[in-house]
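In what follows, a single structure is set out as structure tokens and then discussed.
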Amino acid sequence: GESVGLHLPTLSVQEGDNSIINCAYSNSASDYFIWYKQESGKGPQFIIDIRSNMDKRQGQRVTVLLNKTVKHLSLQIAATQPGDSAVYFCAELHYYGGSQGNLIFGKGTKLSVKP
Amino acid sequence: DAGITQSPRHKVTETGTPVTLRCHQTENHRYMYWYRQDPGHGLRLIHYSYGVKDTDKGEVSDGYSVSRSKTEDFLLTLESATSSQTSVYFCAISAPTSGNTDTQYFGPGTRLTVL
Numbered sequence: 001g002e003s004v005g006l007h008l009p010t011l012s013v014q015e016g017d018n019s020i021i022n023c024a025y026s027n028s029a030s031d032y033f034i035w036y037k038q039e040s041g042k043g044p045q046f047i048i049d050i051r052s053n054m055d056k057r058q059g060q061r062v063t064v065l066l067n068k069t070v071k072h073l074s075l076q077i078a079a080t081q082p083g084d085s086a087v088y089f090c091a092e093l094h095y096y097g098g099s100q101g102n103l104i105f106g107k108g109t110k111l112s113v114k115p
Numbered sequence: 116d117a118g119i120t121q122s123p124r125h126k127v128t129e130t131g132t133p134v135t136l137r138c139h140q141t142e143n144h145r146y147m148y149w150y151r152q153d154p155g156h157g158l159r160l161i162h163y164s165y166g167v168k169d170t171d172k173g174e175v176s177d178g179y180s181v182s183r184s185k186t187e188d189f190l191l192t193l194e195s196a197t198s199s200q201t202s203v204y205f206c207a208i209s210a211p212t213s214g215n216t217d218t219q220y221f222g223p224g225t226r227l228t229v230l
């Protein structure tokens, strides 16, 4: 498979536990934030997004929290499963026109789930 | 997978040779993007397109050119490949999420090795 990130921060959790992956972003003017999951040998897969006017959004087994005061984003995964093992990226979007913008990615965190 | 395919999926070439990577989408999306992914750098934008024959540079455009002669195809060309262009290349399209915000969805990637 692809080596998408050597020397990435790593989070190791037990199957069934909750996982929290953190991300610090750089631009206080960012409008929109996204979490992606990338499995070995595959492209990034959209998980969940959140607008800058929100502080929490929930999906299926995932929750994203946004703290604009400290420019911090987190992804919480409930009841982590082996299939959740992957590299997780946060991305911030700066709009440049209409609904489009430039996506700036973080370096990623590797989540390993122990059975 | 947002109807995105990339070809070839793997390529090995020699320094100085031209290389063209193809991204094909089936859902008539207006915006298309090319990224490269390298350990320690995450995903970085090379070029993007906002319509047929409409393209613009991204963060790391030097040494790359793009063309979009029809909506479904976005080509990335390395005119004279260098070893520093060894990377995994991802194509992306922009499409609405369930929350009606446009986000980017990625193809499976092309692993390019320049010897």
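Chains as they are written, first to last, in our numbering: chain Y, 1 to 115; chain V, 116 to 230.
A virtual CB, placed ideally from N, CA and C, is assigned to each residue, including glycine.
Between Y:S12 and Y:S112, the CB-CB gap stays under 9 Å. With a threshold of 9 Å between beta carbons, Y:G43 makes contact with chain V.
Listed along chain Y is no residue with a C-beta nearer than 7 Å to that of V:L136; the closest approach is about 14 Å. Around the beta carbon of Y:V87, 16 or more other beta carbons lie within 10 angstroms, which makes this residue buried. For a Cβ distance threshold of 9 Å, residue set G155, H156, G157 of chain V lies close to Y:K107, ordered along the chain. Of all residues in the segment 55-89 of chain Y, those with a C-beta nearer than 8 Å to a C-beta of chain V are F89, reading in chain order. Membership of Y:N22 in the beta strand (DSSP E) is indicated by the continuous run 19-24.
Any Cβ of chain V closer than 9 Å to the Cβ of Y:N27 would place that residue at the interface, and such an atom is absent. Assignment of V:S199 by DSSP, reduced to helix, strand and coil, places it in the helix class. Looking from the CA of Y:R61, the closest CA among Y:G106, Y:N18, Y:K114, Y:F105 belongs to Y:N18.
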